[in-house]
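Q:
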Ligand code: DLL
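Numbering (my numbering), first residue to last: 204 to 649.
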């Protein structure tokens, strides 16, 4: 893909595709979608089989809404085709492989051609630029390197933008702090909870996290809230923006947030066609796709990928589509409330960790460090939720008890669930090294 550029209103130079009209963008999507469907059908046996079974053919896509007629792809499909069954090019054309950790089953494997890697770097660069990063800045990259797409994906994007990259990866928090002090980076890339770990460790060492050279953070790979953004921006004296992505669709950079509006990530729709469906009652058909603004599960179809074209991939991420703002043609995604498979159902009430984060961070005595434990006491049929949360350093035992009562009440009011709140000492809960595990499900397995 050629990198045509035009002058932007600010000091940044944008890709031409960032500034085109919605009509022009949709025309581009339609031609790319028609190509991708035919390409996937011809080259990947799974797609041919699924399309044939559903009685659809790539030529049935005459307008964008026809995409609703095509079958979904799931993580299970990728697992069944493990390792390379979904690849649309011969192995010697695959320039790189990434994979999910596979902690919950077989790993899902994804591949990229040289062109895919170039497109990916371009989209991460576009996302970083939207979030305030500029050529020449020093970028401390604390996303994990390796099979996870975060480290290498962010790395290539920052390089493509013309930054100086410091490839520290995740973990070794003391060392991260030394390098932040010595190398004086302008930007940090990490998960929001790992940035919290770093800030926390700085305080322990007597360093004011607001005093470092860092000005921008580009955070993603896990759900986070506006309250967490506020916490990190104030503690670290930075501007924090969101970056979204998933390995099955590409990696980081499927969507990125603009620093001037900070109103949700723009999906780069010249490369991905998003849809929202009913997460718990998914149906195939043009009418089953939900409208913009409606909450549901995010589904993606890639428009340019060569090694692993992906058709209507069900992300399990729950959100909604909103009109473009800073990049008017590219729709935004609302904050991800959670994943459909991370939803806790407590006595009939649905609950996500991000709701607890939102509520807890509005209570001054409480920190952003919390865990949710689900149990089912012996002989009882009801599940119990315990929210274990650290108090802030300066809070007294009486203050902790009052904060626990407030949090219990607020959860009851806003979520509708009864729970036990256990306010614990600062530093007693496990810290994040990347994607933080919030839910500890101790219920007996059925
Ligand atoms: O987490 C890619 C990534 C790396 C994105 C670095 C951003 C930064 P996976 O490991 O495949 O890929 O996990 C993808 O993480 O389906 C979401 O549930 C979650 N996720 C990613 N970004 C965000 C975000 C990378 N900004 C899964 N907000 C996705 C909320 C996110 N959740």
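Cβ coordinates follow ideal geometry from the N, Cα and C atoms, glycine included.
By DSSP's criteria, residue 587 is part of a beta bridge. Which residues make up the other side?
A: 578
Q: When burial is assigned at 16 or more other CB atoms within 10 Å of the CB, is residue 539 buried or exposed?
A: Under a 10 Å Cβ-count criterion, residue 539 is classified as buried, with 16 or more other Cβ atoms of the shown protein chains found around its own Cβ.
Q: Report yes if the CB atom of residue 474 is closer than 8 Å to the CB atom of residue 505, and no otherwise.
A: Yes.
Q: I'd like to know whether the C-beta atoms of residue 561 and residue 606 end up nearer to each other than 8 Å.
A: no
Q: Only counting runs of 4 or more residues, tell me where the alpha helix (DSSP H) segments fall wholly within the stretch 293-376, in order along the chain.
A: 317-333 and 352-364
Q: Where does residue 273 fall in DSSP's three states?
A: coil
Q: To which residues of the same chain is residue 425 closer than 6 Å at the C-beta, ignoring the five residues directly before and after it?
A: 394 and 638
Q: Under 8 Å, with one C-beta from each stretch per pair, do the stretch 335-343 and the stretch 367-380 reach the 3-pair mark?
A: Touching, yes.
Q: Measuring only from the beta carbon, is residue 363 closer than 7 Å to any heavy atom that is part of the ligand DLL?
A: no
Q: Nearest-angstrom Cα distance between residue 636 and residue 375?
A: Taking C-alpha positions only, residue 636 is separated from residue 375 by approximately 9 Å.
Q: So, under 8 Å CB-CB, residue 471 and residue 641 are touching, yes? Tell me the CB distance rounded to an integer number of Å.
A: No, residue 471 and residue 641 are not in contact; Cβ-Cβ is about 28 Å, not under 8 Å.
Q: Is the beta carbon of residue 496 closer than 8 Å to that of residue 481?
A: Residue 481 is not a Cβ neighbour of residue 496, given a cutoff of 8 Å.
Q: Looking at the ligand DLL, does it come within less than 7 Å of residue 426, judged from the CB to the closest heavy atom?
A: It does: the Cβ of residue 426 is within 7 Å (strictly closer) of some heavy atom of the ligand DLL.
Q: Measure the CB-CB distance between residue 628 and residue 576 and report whether it falls below 8 Å.
A: no
Q: Which complete beta strand (DSSP E) runs does the stretch 457-533 hold, if anything under 3 residues is left out?
A: 468-470, 475-480, 499-505 and 516-522
Q: So, is residue 460 buried or exposed, given that buried needs 16 or more other C-beta atoms within 10 angstroms?
A: buried
Q: Among residues of its own chain, excluding the 5 on either side of residue 558, which ones have a beta-carbon nearer than 6 Å to its beta-carbon?
A: 618
Q: Going by C-alpha distance, which of 465, 455 and 457 is nearest residue 441?
A: Out of 465, 455 and 457, 465 has the C-alpha closest to the C-alpha of residue 441.
Q: Assuming residue 271 contacts residue 356 (C-beta within less than 8 Å), just tell me the rounded distance between them.
A: Actually they are not in contact, since the Cβ atoms of residue 271 and residue 356 sit about 30 Å apart, beyond 8 Å.
Q: Judging by CA-CA distance, which residue of 591, 613, 611 and 603 is the nearest neighbour of residue 631?
A: Considering only alpha carbons, the answer is 591.
Q: Looking only at its own chain, which residues have a Cβ that is under 7 Å from the Cβ of residue 365, when we skip the five neighbours before and after it?
A: 338 and 339
Q: In the stretch 207-260, which residue ranges form an unbroken alpha helix (DSSP H) of at least 4 residues, counting only runs that do not cross its ends?
A: Taking only runs of at least 4 residues, the alpha helix (DSSP H) segments lying wholly in the stretch 207-260 are 219-222, 225-246 and 248-257.
Q: I'd like to know whether the C-beta atoms of residue 360 and residue 324 end up nearer to each other than 8 Å.
A: Cβ distance < 8 Å, so residue 360 and residue 324 count as in contact.
Q: Per DSSP, what kind of secondary structure is residue 443 in: helix, strand or coil?
A: strand
Q: Does any CB atom of chain C fall closer than 8 Å to the CB of residue 561?
A: Although the question refers to chain C, the structure presented lacks it and comprises just one protein chain.
Q: Would you say residue 515 and residue 479 are within 8 Å of each other, going by their C-beta atoms?
A: In this structure, residue 479 does not lie closer than 8 Å to residue 515 by Cβ.
Q: Give the DSSP bridge partners of residue 593, in chain order.
A: 627
Q: Measuring straight from C-alpha to C-alpha, what distance separates residue 554 and residue 615?
A: Going from the Cα of residue 554 to the Cα of residue 615 covers about 11 Å.
Q: Are the Cβ atoms of residue 301 and residue 454 separated by less than 8 Å?
A: yes
Q: Whose C-alpha, out of 584, 544 and 623, is nearest the C-alpha of residue 574?
A: 623
Q: Under 8 Å: do the stretch 245-252 and the stretch 279-299 share three or more Cβ pairs, one atom per stretch?
A: yes
Q: Rounded to the nearest angstrom, what separates residue 205 and residue 458 at their Cα positions?
A: Because residue 205 sits at a pLDDT of 45, beneath the cut-off of 50, its placement in the model cannot be relied upon, and the following sentence gives the value as read from the coordinates. Cα to Cα, the separation comes out at about 20 Å.
Q: What residue range does the beta strand (DSSP E) around residue 406 cover?
A: Element bounds for residue 406: not the beta strand (DSSP E) but the alpha helix (DSSP H), 395-407.
Q: Check the C-beta distance from residue 319 over to residue 509 and give it rounded, since I have them as a contact under 8 Å.
A: 5 Å
Q: Beta strand (DSSP E) containing residue 549: first to last residue?
A: 547-549
Q: Give me the residue from 610, 581 and 611 with the minimum Cα distance to residue 645.
A: 581
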